[in-house]
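Numbering-wise (full-length UniProt numbering), the sequence shown opens with residue 1 and increments by one.
Note that CB positions come from ideal geometry on N, CA and C, so glycine has one too.
Quick caveat: nothing in here was measured; it's all calculated off a predicted structure.
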Amino acid sequence: MPYIAEPGAALHALGGEQWSAWLDSGHPGQGSGRFDILVARPAATLVMSGGVTRLARGSAVRYASGNPLEHLDELLSEFGEVTSDPDLPFVGGALGYFTYDLGRRLLGIGAGQGEQGRPEMAVGIYECAIVTDHLRRYSVAVGRRLDHDWLALVRDRLGEYSSLSSREGTECQGYQPFRLEGEVLVEPTAQAYAEQFRRVQEYLHAGDCYQVNLARRFTAPFSGDPQSAYLALRACSPAPFAAWMRSPRSDLLSFSPERFLSVDAQRRVVTEPIKGTRPRGINREQDQDYISELSCSSKDRAENVMIVDLLRNDLGKGCKFGTVKTTELCQVHSYASVHHLVSRITGQLGAGYTPLALLHDCLPGGSITGAPKRRAMEIIDELEPGPRRVYCGSIGYIGFDGRMDSNIAIRTAICERGQVTYWAGGGVVVDSTLDAELQETVDKAYAFLRLAQSSEDKKRNA
Numbered sequence: 001m002p003y004i005a006e007p008g009a010a011l012h013a014l015g016g017e018q019w020s021a022w023l024d025s026g027h028p029g030q031g032s033g034r035f036d037i038l039v040a041r042p043a044a045t046l047v048m049s050g051g052v053t054r055l056a057r058g059s060a061v062r063y064a065s066g067n068p069l070e071h072l073d074e075l076l077s078e079f080g081e082v083t084s085d086p087d088l089p090f091v092g093g094a095l096g097y098f099t100y101d102l103g104r105r106l107l108g109i110g111a112g113q114g115e116q117g118r119p120e121m122a123v124g125i126y127e128c129a130i131v132t133d134h135l136r137r138y139s140v141a142v143g144r145r146l147d148h149d150w151l152a153l154v155r156d157r158l159g160e161y162s163s164l165s166s167r168e169g170t171e172c173q174g175y176q177p178f179r180l181e182g183e184v185l186v187e188p189t190a191q192a193y194a195e196q197f198r199r200v201q202e203y204l205h206a207g208d209c210y211q212v213n214l215a216r217r218f219t220a221p222f223s224g225d226p227q228s229a230y231l232a233l234r235a236c237s238p239a240p241f242a243a244w245m246r247s248p249r250s251d252l253l254s255f256s257p258e259r260f261l262s263v264d265a266q267r268r269v270v271t272e273p274i275k276g277t278r279p280r281g282i283n284r285e286q287d288q289d290y291i292s293e294l295s296c297s298s299k300d301r302a303e304n305v306m307i308v309d310l311l312r313n314d315l316g317k318g319c320k321f322g323t324v325k326t327t328e329l330c331q332v333h334s335y336a337s338v339h340h341l342v343s344r345i346t347g348q349l350g351a352g353y354t355p356l357a358l359l360h361d362c363l364p365g366g367s368i369t370g371a372p373k374r375r376a377m378e379i380i381d382e383l384e385p386g387p388r389r390v391y392c393g394s395i396g397y398i399g400f401d402g403r404m405d406s407n408i409a410i411r412t413a414i415c416e417r418g419q420v421t422y423w424a425g426g427g428v429v430v431d432s433t434l435d436a437e438l439q440e441t442v443d444k445a446y447a448f449l450r451l452a453q454s455s456e457d458k459k460r461n462a
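Now the structure itself:
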């Protein structure tokens, strides 16, 4: 398999197929990025909507009620275990998304949960995948059963990409330019958000909770190909836990900097919550000032520590007693467009406890709910006008070998039916200020808004 070095090549290799996905490490723009995973043509699929799970394997289709994560565990076991490759993170398995609204359903919060007919979980079982190691500069096909027809097609597409990219003036290697075709609708408006903020402050002062995450939604009509948007957004804001997915109903574009849950071959668990954000500076001096401001912010540190405590409790449900440790607390990590305050909690998964059982106990991630989790989610359900869908859920994989890695699906857009939707939010605590919280949503949406502005510039100059 040729080394898939460029982001455009990775997308072109997938060919726009349904159920194709790219877990993108952000290389080379994100310095820590190393492994990319490409999949398509799943051997089985699992989609849950409205409390009913549809499981399809070949021509056989069945429907089930109950916990969809248990159904996924059972489906994975039908394929059998595969030995881990110590040099690669993935040897085939389940890969897909788990929405915030699935987390609500599992906790019994809210009445209707997701929007009618829209999946709360969509996962494929992939017996064949392509893994790229950007450190060692090679790509390799892996899996329990290699799909040689698909791999040959990928090689052909990579050859096509090389030809396209060698021609001057080709935009996004054959994709139609992504353009916004109208105003960006922001929900809630600044005025409505101010009312939400006021009500959250009432709950905080009444002692209902310590922190509540509030989100805003940015929606606009678009034309062109979502692949073009992904490449444009990626150029603005590469991230270590990014993802592109073409599901049956929509395209998902995620640029997450945040790891949710990982489980390695020795069943070691890691979660790395983010709380606290500052923009990048326009020069080195201003950038350092923002780093110092974030590092010294008592508010941001208090929020971060609060979420660390929540996640330690979540991990404790499935990890061996005494193994849950905070190994990094409130460290500044710098990304392409923002600085974040990051902590790291580790543990050892208990005997007989599967990675999907851990996901069940931790979804949605505490860094995007607030604390205590249940009460914060009840308040979010009361105040926010609609479901969050994949935003604040998770995108990731659970391998045949028992390894897992996943993101918190922040900085995530959905393209469907000619509309693009993007969310941004932040945690509200007692000493939060309205102006700062509004600005934080703008900071997090910066790459999306910049793409929107460049699209309008293209229209004016057409």
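Residue j beta carbon less than 7 Å from that of residue i
i	j	result
GLY318	GLY350	yes
ALA40	LEU14	yes
VAL131	LEU88	yes
PHE218	VAL263	no
ALA129	GLY143	yes
ARG57	TYR63	no
THR369	ASN213	yes
LEU311	PRO355	no
LEU294	VAL332	yes
ALA424	ARG216	yes
LEU46	VAL123	yes
VAL184	ALA220	yes
TYR3	ARG155	no
THR277	ASP443	yes
VAL324	LEU315	yes
ALA194	LEU383	no
SER367	LYS275	yes
GLY174	LEU164	yes
ALA21	GLU127	no
PRO7	ARG234	yes
VAL429	GLU303	yes
ASP101	PRO387	yes
Beta-carbon separation (whole angstroms), residue i vs residue j, contact threshold 8 Å
i	j	result
LEU451	ALA242	15 Å between Cβ atoms; not a contact.
LYS320	GLN348	5 Å
ILE37	LEU75	ILE37 to LEU75, Cβ: 19 Å. No contact.
residue 464	ARG118	This structure gives no information on residue 464, because the portion of the chain shown stretches from 1 to 462.
LEU23	TYR230	Not confirmed; about 13 Å, so no contact.
ARG179	GLY16	In fact, because the Cβ distance is near 19 Å, the residues do not count as touching under 8 Å.
VAL308	THR326	6 Å
VAL140	ASP401	That pair is no contact at about 16 Å.
LEU252	THR412	7 Å
GLN201	ALA376	That pair is no contact at about 14 Å.
residue 463	ILE414	As displayed, the chain neither begins before 1 nor continues past 462, which places residue 463 out of reach and without an answer.
GLY103	PRO177	At roughly 36 Å, the Cβ-Cβ gap does not stay under 8 Å, so GLY103 and PRO177 are not in contact.
VAL52	PHE222	VAL52 to PHE222, Cβ: 31 Å. No contact.
ASP300	LEU359	Actually they do not touch by this definition, with Cβ atoms about 27 Å apart.
LEU153	MET1	At roughly 12 Å, the Cβ-Cβ gap does not stay under 8 Å, so LEU153 and MET1 are not in contact.
Counterpart residues of residue i in DSSP-defined beta bridges
i	result
GLU319	At residue 319 the sequence reads Cys, which differs from the Glu that was named. Per DSSP, LEU349.
LEU55	LEU46, ARG62
ALA129	VAL142
HIS333	HIS340
ARG179	SER223
VAL442	Paired residues: none, contrary to the question.
PHE255	ALA242
ASN407	ARG259
LYS325	THR346
THR421	THR219, ILE414
GLN211	ALA371
ARG278	HIS339
Best match in the options for proximity to residue i [C-alpha to C-alpha]
i	options	result
SER337	TYR290, GLU120, PHE260	TYR290
ILE380	GLY426, GLY399, SER432, PHE222	GLY426
GLY399	VAL52, GLY80, GLY66, HIS71	GLY80
PHE260	LEU383, SER406, ARG280	SER406
GLY207	ALA409, ASP287, ALA371	ALA371
ARG344	ARG403, CYS415, ARG268	ARG268
GLY26	PRO238, SER432, THR99	PRO238
GLY66	SER77, MET48, GLU78, VAL82	MET48
GLU120	CYS296, SER297, ALA357, GLY50	GLY50
CYS296	ARG417, LEU329, GLY322	LEU329
ARG145	GLY182, SER162, VAL82	VAL82
LEU438	ASP133, TYR391, ARG198, HIS134	ARG198
SER432	GLN18, TYR353, ASP361, GLN196	GLN196
TYR5	GLU78, HIS148, ALA357, ASP133	The sequence as given places Ala at residue 5; Tyr does not occur at that position. For the residues GLU78, HIS148, ALA357, ASP133, the minimum Cα distance to ALA5 belongs to ASP133.
Could you say if the region 393-410 and the region 248-258 meet the contact criterion of at least three C-beta pairs nearer than 8 Å? yes
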